[in-house]
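Report on the following structure.
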Amino acid sequence: MALPVSIVSVVALLLAVLPFCVTHPSPAFHVPHGYGLAVRRSIAEAPVDINVTTNSSFILAQERTYRKDPLNGFRKYTGGWNISELHYWASVGYTAVPLFIIALVCYSYSRIAYAVSLILLILFTFAAIAGCVMLYDGQGKFHISTMTTLKFVVSQANFTVDNLNNLSDSLSAAKKVDIGQFLLPPDVQNQINDIQGKLNSSASELATRTTDNSEKIKKLLNQVRIALVIIAAVMLLLAFVGFLLSIFGMEFLVSILVVTGWILVTGTFILCGVFLILHNVVADTCVSMDEWVSHPTEHTALDDIIPCVEPATANESLYRSRPLYYNQSGPLMPTLCNPFTADLNNRTCTRGEVTLDNATQVWKNFECQTTTVGGSEICASKGRVTPRILGQMAAGVTVSQGLYQYGPFLIQLQDCTFVRDTFTNIHRNYCPGLERYSRWVYVGLVLVSSAVMLSLVFWVIYARERRHRAYNKQFIAEHSYPDKPPPTGANA
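Here it is as structure tokens:
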């Protein structure tokens, strides 16, 4: 509130007169005793025994006025109290500079705050839009990357199941081969039954777990994708609508939107934390796969993803599949090449032997026409084997070829080469995309949450500054009086 004019006048008068009074003492004057007034005496009337020094250099209030002088390089002022000294006024005025700065800021605060709040509101709105775009794009690519990885893992598991089932079928067919009167011994058939049961159990368990886990993962990925799309759309709409309401000064609607937006921001931050956990789990799993490749025989938690068939089962299956090759002798009929030696190592076929690939075609040339004599089938034409025996021999070749084909796969299951190759493929071709796009989703959620949260704050600030600005304009308009129009007519 402004000071009254009379008080200001008195202060100005005192400031003008006091220096004059101090530097120009008046003559002595006397007053009667009893009036309670002190008698001012001139220096001329001082007692004779008092020494008077007229050229004293005593500095008034020296310690009190020891302040920084901005006109002298902010060095300390040492001239004492002297209102006729410019440096005194500079030093004493410097003490009030902080208050003057505050006053200047308060004077210009409204306009600056209005402009800054508008600029920041626009900036955070664009940041929220950018975060929503990044979140939407990242979730789409993350979904594709995870589904592609899941399909690869499922295909590898199904490939394992198919090979185990085919090997089991080959062992089952081997038991039924009957070449003449030669059948597999009962103990060998029992051993084949045992191995066949283990293979069927492993294949069935792997198929069941693969189907169940893949369905659960697909359902979860679809739910996550829908949630991220909804969050991106809602946050984008919230940022846009809140910006418009704040610009048009709808404070009541802004207040409602702030409360709603705060709840959404809280949920988005929670989801952001969940995706950070997911991102770290993906990265940890990829690193673990890469490290597991160097130690494939160690039992780890990764066995739950693509479990290896028990080494004993694979080894025993391979051992039982190798002795199922029976040579056919005869001077005119080539023998079947046994691809294994007596100690079950690989063997190179020699001249005069037929391989599993062409044995049936070669033996077809030795088939004879048959006749039945005494209930038995015998050759009635040139040849070494009857059609029935040739059919059984061909079936034996087919079974042997199947066992020979799936033998290497059993070895890969035994030493986990198959699983190691699978993990290497995942780490090399799928992990980079999983890590990259999960990071996109996480960063997008952080950007959206932070930008919308700050937008909520500046919605309120900008609406408040807009209201103050409108009030100030109205106040100025109401207190601005136009000049009085000149008199006209009779008043002229």
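Just so you know, the sequence shown maps onto residues -23 to -1, 1 to 469 in mature numbering (1 follows the signal peptide of the UniProt record, and there is no 0). Ideal Cβ placement from N, Cα and C applies to all residues, glycine included. Bear in mind that the values here come from a model prediction, so they are computed numbers and not experimental data.
What residue does the alpha helix (DSSP H) around residue i start on, and which one ends it?
i	result
Ile366	Pro364 to Gln391
Cys326	Per DSSP, Cys326 belongs to no alpha helix (DSSP H) and is neither H nor E.
Tyr407	First-last for Tyr407: undefined, no H or E at that position.
Cys263	Glu228 to Val270
Leu63	Leu63 to Tyr71
Gln338	Ala336 to Trp340
As a quick exercise: from the options, pick the residue whose alpha carbon is nearest that of residue i.
i	options	result
Gly384	Cys314, Phe101, Asn143 and Val350	Asn143
residue 531	Val270, Phe435, Thr375 and Lys195	Here the chain comprises residues numbered -23 to 469, so residue 531 is not present and cannot be evaluated.
Tyr407	Ala260, Phe51 and Val339	Ala260
Leu367	Gly352, Val339, Ile388 and Ser358	Val339
Val425	Tyr43, Leu81, Thr102 and Gln166	Thr102
Glu344	Cys314, Met310 and Arg328	Met310
Pro316	Phe77, Val429 and Leu380	Leu380
Thr401	Ala107, Val93, Arg41 and Gln133	Gln133
Gly174	Thr188, Gly351 and Leu141	Leu141
Ser432	Ala209, Ala38, Gln346 and Gly238	Gly238
Tyr71	Val82, Gly56 and Phe51	Phe51
Leu148	Leu411, Asn167 and Leu48	Asn167
Thr245	Cys356, Ala210 and Met266	Ala210
Val251	Ala204, Arg446, Tyr439 and Gln382	Ala204
Phe229	Ala440, His445 and Arg446	Ala440
Asn335	Arg397, Glu268, Cys314 and Leu387	Cys314
Measuring straight from C-alpha to C-alpha, what distance separates residue i and residue j?
i	j	result
Tyr113	Val218	19 Å
Arg413	Gln116	11 Å
Val258	Ser415	10 Å
Val264	Trp417	19 Å
Thr318	Lys341	27 Å
Pro163	Leu390	28 Å
Asp46	Ile79	21 Å
Arg443	Tyr91	7 Å
Phe225	Val206	29 Å
Leu215	Leu198	26 Å
residue 475	Ile96	Absent from the model: residue 475. The displayed extent of the chain is -23 to 469, so no value can be given.
Lys118	Met212	20 Å
Gly329	Thr312	7 Å
Gly373	Ser122	46 Å
Pro75	Lys53	18 Å
Met266	Val396	10 Å
Met227	Arg41	56 Å
Thr55	Ile89	40 Å
Ser145	Ser181	12 Å
According to the neighbour-count rule (16 or more other Cβ atoms, all chains shown, within 10 Å of its Cβ), is residue i buried or exposed?
i	result
His276	exposed
Ala73	exposed
Ile435	The sequence as given places Phe at residue 435; Ile does not occur at that position. Counting Cβ neighbours within 10 Å, Phe435 comes out buried, since at least 16 surround it.
Gly108	buried
Leu333	buried
Tyr43	exposed
Val242	buried
Tyr448	exposed
Val351	The sequence shown places Gly at residue 351, rather than the Val named in the question. It is exposed - the Cβ of Gly351 has fewer than 16 other Cβ atoms within 10 Å.
Ala454	exposed
Ser353	exposed
Thr(-1)	Residue placement at Thr(-1) is flagged as unreliable, the pLDDT there being 40, under the threshold of 50; a coordinate-derived value is accordingly withheld.
Gln451	exposed
residue 480	In the structure as shown, the chain starts at -23 and stops at 469, and residue 480 therefore has no counterpart that could be examined.
Thr399	buried
Ala357	exposed
Thr262	buried
Ser179	buried
Leu411	buried
If we cut at 8 Å on Cβ distances, does residue i have a partner in chain C?
i	result
Leu148	You won't find chain C in this structure, because it holds only one protein chain.
Starting from residue i, follow the beta strand (DSSP E) in both directions and report where the run begins and ends.
i	result
Cys356	Ser353 to Cys356
Thr348	Thr347 to Val350
Just to confirm, is the Cβ distance from residue i to residue j under 8 Å?
i	j	result
Cys249	Val130	no
Thr126	Ile403	yes
Met98	Ser223	One point to set straight first is that residue 98 is Leu, not Met, in the sequence displayed. Yes.
Met370	Val376	no
Leu176	Val138	no
Val429	Met111	no
Leu37	Trp58	yes
His272	Arg202	no
Leu81	His64	no
residue 497	Val235	Residue 497 is absent from the structure shown; the chain starts at -23 and stops at 469.
Thr187	Asn135	yes
Pro364	Thr348	no
Flag residue i as yes when its Cβ comes closer than 7 Å to any non-hydrogen atom of the ligand FAD, and as no otherwise.
i	result
Gln166	In terms of ligand content, the structure shown is empty, and the ligand FAD therefore cannot be addressed.
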